[in-house]
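Trainee: Got a structure for you, written out below as structure tokens; questions coming shortly.
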Amino acid sequence: MDDLRCKLLIIGAGPGGYVCGIRAGQLGIDTIVVEADKLGGTCLNVGCIPSKALIHAADEFYKIANIASSPLGISTNPPELNFGKTIDWKDGIVNRLNTGVSGLMKRANTRLIIGSAHFLDGKTVEVTSTQGKQIIRAEYIVIATGSKPAELDYLPFGSDVISSTEVLSLSEVPKKLSIVGGGYIGLEIGTAFAKLGAEVTIVEFADNILPQYDKDLTRPIVKNLKKLGVNILTNTSAKGTSNGALLIETNSGKTQKIDADKILVTVGRSPRTTTIGMEELSLTMNGQFIQIDDKCQTSMRGVYAIGDVTGNPMLAHRAMAQGEMVAEIIAGHERQWDKRCIPAVCFTDPEIVDCGLSLEAASQSGIEIRIGTFPFTANARAMTMECEEGFIRIIARADNHLILGIQGVGVGISELSAAFAIAIEMGACLEDIAGTIHAHPTQSEGLQEACLKALGHALHI
Ligand code: FAD
Numbered sequence: 234m235d236d237l238r239c240k241l242l243i244i245g246a247g248p249g250g251y252v253c254g255i256r257a258g259q260l261g262i263d264t265i266v267v268e269a270d271k272l273g274g275t276c277l278n279v280g281c282i283p284s285k286a287l288i289h290a291a292d293e294f295y296k297i298a299n300i301a302s303s304p305l306g307i308s309t310n311p312p313e314l315n316f317g318k319t320i321d322w323k324d325g326i327v328n329r330l331n332t333g334v335s336g337l338m339k340r341a342n343t344r345l346i347i348g349s350a351h352f353l354d355g356k357t358v359e360v361t362s363t364q365g366k367q368i369i370r371a372e373y374i375v376i377a378t379g380s381k382p383a384e385l386d387y388l389p390f391g392s393d394v395i396s397s398t399e400v401l402s403l404s405e406v407p408k409k410l411s412i413v414g415g416g417y418i419g420l421e422i423g424t425a426f427a428k429l430g431a432e433v434t435i436v437e438f439a440d441n442i443l444p445q446y447d448k449d450l451t452r453p454i455v456k457n458l459k460k461l462g463v464n465i466l467t468n469t470s471a472k473g474t475s476n477g478a479l480l481i482e483t484n485s486g487k488t489q490k491i492d493a494d495k496i497l498v499t500v501g502r503s504p505r506t507t508t509i510g511m512e513e514l515s516l517t518m519n520g521q522f523i524q525i526d527d528k529c530q531t532s533m534r535g536v537y538a539i540g541d542v543t544g545n546p547m548l549a550h551r552a553m554a555q556g557e558m559v560a561e562i563i564a565g566h567e568r569q570w571d572k573r574c575i576p577a578v579c580f581t582d583p584e585i586v587d588c589g590l591s592l593e594a595a596s597q598s599g600i601e602i603r604i605g606t607f608p609f610t611a612n613a614r615a616m617t618m619e620c621e622e623g624f625i626r627i628i629a630r631a632d633n634h635l636i637l638g639i640q641g642v643g644v645g646i647s648e649l650s651a652a653f654a655i656a657i658e659m660g661a662c663l664e665d666i667a668g669t670i671h672a673h674p675t676q677s678e679g680l681q682e683a684c685l686k687a688l689g690h691a692l693h694i
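In terms of our numbering, the sequence shown opens at residue 234 and continues consecutively.
What follows is the structure, given as structure tokens:
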């Protein structure tokens, strides 16, 4: 195959790479995106989208199965689950989005090559595809190769020990599912399978699930997991497998076997840096991640890196924002990473949103702070939707009332993440949000009330 030349070559078409490719094309940059697998990367194919589809299906099933015990006066026959159809529906959404990304890249005149890229030097890449090998030379290269599930030596992936990739395409709901790692991926998937009828055990090394969040935020999640019958084992580590069981050990040294049809390992994700020929480059690393500056520039001129391969937080919207910024930088625009916050959402039951400074970070910052917390038990909309669990908490500077952090836990609260992020990004003070008319009845009134509370005059509590 003939050698190719372009101004910008992007390796990887996950949310970081494809957004970078679309924006670069829109800006008239001659761009090629190389993708080894499917457009959309982890997020679209085996991450954000399929997991949220599964969570939705599980929520619907569980709601109908338990409708008789709700106070709404509705009853129906017990529902039946055709899990194969559920998976087909989920795959249909993924396919629609794959096609959508492909169309957007075409419209932007961005070329796509399906194949695996390998660096020859900082300006040259060899792509291996079903048609053979091809050399591509570029003025700028963006590494957007993402991440893969981290594997434990003593629990290697196989037919019964699986990662988040395989669990999202199972042909049936496992009777007994053990999950090693109580972070957001394990909990989102564990909750969904518990709602679909699996007997779920979660094994977490720390003393709490979702250990990066404070216990006020995780309490409602723990309560609901227990209600679903999920066995939560904290201060416990997995040790291996034995005849269809997971071997675990508590901090006090007690060992136990947990029967499991499937063992899902969700102990984090590793950046994909080893298979792209990085040894041909001399990139400065930040631990296992590629080190970047505030323009996503690596230590080599003309080589940029975005997304999971550059470290935490490993989130699709961070990768997309970096991709958009890098395309503009290459087009000659003056840009730098100056974001005040990257919202993080756990799509657990109920959901958690975390934006800006956490309570712990704010308390340790040395800045005098004011805190306002408003519970959904005092929110009319939450009552009408039977979702009174949770709260919104606002953290602001005591001197000028600048909002530093907003956290919340509650059903459907992910949709408030934009309001939280806008407040912080635009440098809002408590008075700005308190003085904004919030539509009634909505859960968003909880944000206004939390600000009023921090100012000392909440109206509905
Ligand atoms: P990726 O999406 O990993 O894409 C990298 C792409 O590069 C892949 O398509 C890969 O095939 C390709 N590639 C790798 N090597 C090569 C090569 N040598 N040549 C060519 N192509 C190559 N994030 C959120 O923000 N919200 C969520 O709700 C959320 N839920 C998640 C749920 C699960 C179960 C998982 C696993 C992840 C979830 N994430 C979520 C994380 C999110 O998926 C990632 O942060 C995001 O996909 C990172 O984007 P990226 O572009 O950096 O890399």
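Virtual Cβ for every residue (Gly too), placed ideally from N, Cα, C. Just so it is clear, the structure is predicted and the values come from calculations on it, not from any experiment.
Please work out which residues of its chain come closer than 6 Å, Cβ to Cβ, to LEU410, disregarding the five sequence neighbours upstream and downstream, and give them in chain order.
Mentor: Same-chain partners within the cutoff: PHE426, ALA431, VAL433 and LYS495.
Trainee: When burial is assigned at 16 or more other CB atoms within 10 Å of the CB, is GLN569 buried or exposed?
Mentor: Exposed, by the Cβ-count rule.
Trainee: If you run the structure through DSSP and keep just helix, strand and coil, what is GLU372?
Mentor: GLU372: strand per DSSP, three-state reduction.
Trainee: Compute the distance between the beta-carbons of GLN676 and ILE646, then report whether it is under 8 Å.
Mentor: Closer than 8 Å, so yes.
Trainee: Near GLU405, which residues of its chain fall below 6 Å by C-beta distance, leaving aside the five closest residues on each side in sequence?
Mentor: Result list for GLU405: PHE316, in chain order.
Trainee: With a threshold of 8 Å between beta-carbons, can SER596 be considered close to chain B, or not?
Mentor: Checking the listed chains, one finds no chain B in this structure; it contains a single protein chain.
Trainee: Does SER302 come out as helix, strand or coil in the three-state DSSP assignment?
Mentor: Helix.
Trainee: Near LEU461, what residues of its chain come up, given a Cβ to Cβ distance below 6 Å and the 5 sequence neighbours on each side ignored?
Mentor: ALA427, listed in sequence order.
Trainee: Where are the alpha helix (DSSP H) runs, 4 residues long or more, that stay fully inside the segment 620-663, in chain order?
Mentor: Within the segment 620-663, the complete alpha helix (DSSP H) runs of at least 4 residues are 650-658.
Trainee: Tell me the residue span of the beta strand (DSSP E) that contains HIS715.
Mentor: The structure shown does not extend to residue 715, since the chain is modelled only from 234 to 694, so the question has no answer here.
Trainee: Among all the DSSP beta bridges, which residues are the ones paired with GLY365?
Mentor: Per DSSP, SER362.
Trainee: Can you tell which of GLU313, ALA478 and ARG551 has its C-alpha closest to the C-alpha of LYS490?
Mentor: If we check each option's Cα against that of LYS490, ALA478 comes out closest.
Trainee: Is MET511 close to the ligand FAD? I mean its beta-carbon at under 7 Å from any heavy atom of the ligand.
Mentor: No, since every heavy atom of the ligand FAD falls outside the 7 Å radius drawn around the Cβ of MET511.
Trainee: Could you name the residues of the same chain whose beta carbon sits closer than 6 Å to that of THR357, not counting the 5 residues immediately before and after it, in chain order?
Mentor: Cβ within range, chain order: ARG370.
Trainee: Measuring only the C-alpha atoms, how far is MET234 from SER362?
Mentor: Near 11 Å, if we compare the C-alpha coordinates of SER362 and MET234.
Trainee: I'd like the list of long-range same chain contacts for GLY623, defined as Cβ closer than 6 Å, with 5 residues on each side in sequence excluded.
Mentor: Here the set comprises PRO453, PRO583, PHE609, VAL642 and GLY643.
Trainee: Can we say the segment 679-693 touches the segment 662-671, given the rule of at least three CB pairs closer than 8 Å?
Mentor: The segment 679-693 vs the segment 662-671: in contact.
Trainee: Give the DSSP-derived three-state secondary structure of THR669 in the structure shown.
Mentor: In this structure, THR669 counts as coil in the three-state DSSP scheme.
Trainee: If you run the structure through DSSP and keep just helix, strand and coil, what is HIS693?
Mentor: Looking at HIS693 - three-state DSSP - the assignment turns out to be coil, as it is neither helix nor strand.
Trainee: Under 8 Å between the Cβ atoms of VAL436 and ILE412?
Mentor: Taking 8 Å as the Cβ cut-off, VAL436 and ILE412 qualify as a contacting pair.
Trainee: Can you round the beta-carbon distance between ILE300 and SER308 to whole angstroms, since I take them to be within the 8 Å contact cut?
Mentor: With 8 Å as the limit, ILE300 and SER308 qualify as a contact, their Cβ atoms being about 7 Å apart.
Trainee: Drop a sphere of 10 angstroms on the beta-carbon of SER302, count the other beta-carbons inside from all chains shown, and report buried for 16 or more, exposed for fewer.
Mentor: Exposed is the call here.
Trainee: My assumption, with CB atoms under 8 Å, is that ALA383 sits in contact with VAL279. Please give the rounded CB distance.
Mentor: Going by Cβ atoms, the distance from ALA383 to VAL279 rounds to 14 Å, so no, they are not a contact pair.
Trainee: Which word fits SER598, buried or exposed, when buried means at least 16 other C-beta atoms lie within 10 angstroms of its C-beta?
Mentor: It counts as exposed.
Trainee: Within the same chain, show all residues whose beta-carbon is closer than 8 Å to that of ILE657, passing over the 5 residues directly before and after it, in chain order.
Mentor: Cβ within range, chain order: ARG573, CYS574, CYS588, GLY589, ILE636, LEU637, GLY638 and ILE639.
Trainee: Whose C-beta lies closer than 6 Å to the C-beta of GLY258 among residues of the same chain, with five residues either side of it excluded?
Mentor: Closer than 6 Å at the Cβ level, and outside the excluded window around GLY258, lie THR264, ALA341, ASN342 and THR343.
Trainee: Since ALA554 and ASP541 are thought to touch, with beta carbons under 8 Å apart, how far apart are those beta carbons, to the nearest angstrom?
Mentor: Actually they are not in contact, since the Cβ atoms of ALA554 and ASP541 sit about 13 Å apart, beyond 8 Å.
Trainee: At a cut-off of 7 Å, is GLY414 close to the ligand FAD when judged by its beta-carbon and the heavy atoms of the ligand?
Mentor: Result no, Cβ not under 7 Å from the ligand FAD.
Trainee: At a cut of 8 Å, does the segment 243-253 reach the segment 270-285 through at least three beta carbon pairs?
Mentor: Contact between the segment 243-253 and the segment 270-285 is present, because at least three Cβ pairs lie under 8 Å.
Trainee: By how many angstroms is the C-alpha of GLY419 removed from the C-alpha of ALA439?
Mentor: So the two alpha carbons sit approximately 14 Å from each other.
Trainee: Considering only their Cβ atoms, is the gap separating LEU272 from ALA564 smaller than 8 Å?
Mentor: No, Cβ-Cβ distance for ALA564 and LEU272 is not below 8 Å.
Trainee: Please classify GLY306: is it buried, with 16 or more other beta-carbons within 10 angstroms of its beta-carbon, or exposed?
Mentor: The residue is exposed, with fewer than 16 neighbouring Cβ atoms inside 10 Å.
Trainee: Mind checking who PRO382 pairs with in its DSSP beta bridge?
Mentor: Beta-bridge pairing links PRO382 to ARG502.
Trainee: Starting from CYS239 and walking both ways along the beta strand (DSSP E), at which residues does that stretch end?
Mentor: That run of the beta strand (DSSP E) goes 237-244.
Trainee: Are there any heavy atoms of the ligand FAD lying less than 7 Å away from the beta-carbon of CYS620, as far as the coordinates show?
Mentor: No, the Cβ of CYS620 stays beyond 7 Å of every heavy atom of the ligand FAD.
Trainee: When you compare each of TRP322, LEU287 and PRO674 to ALA613 by their alpha carbons, which one comes out closest?
Mentor: That would be PRO674, whose Cα lies nearest to the Cα of ALA613.
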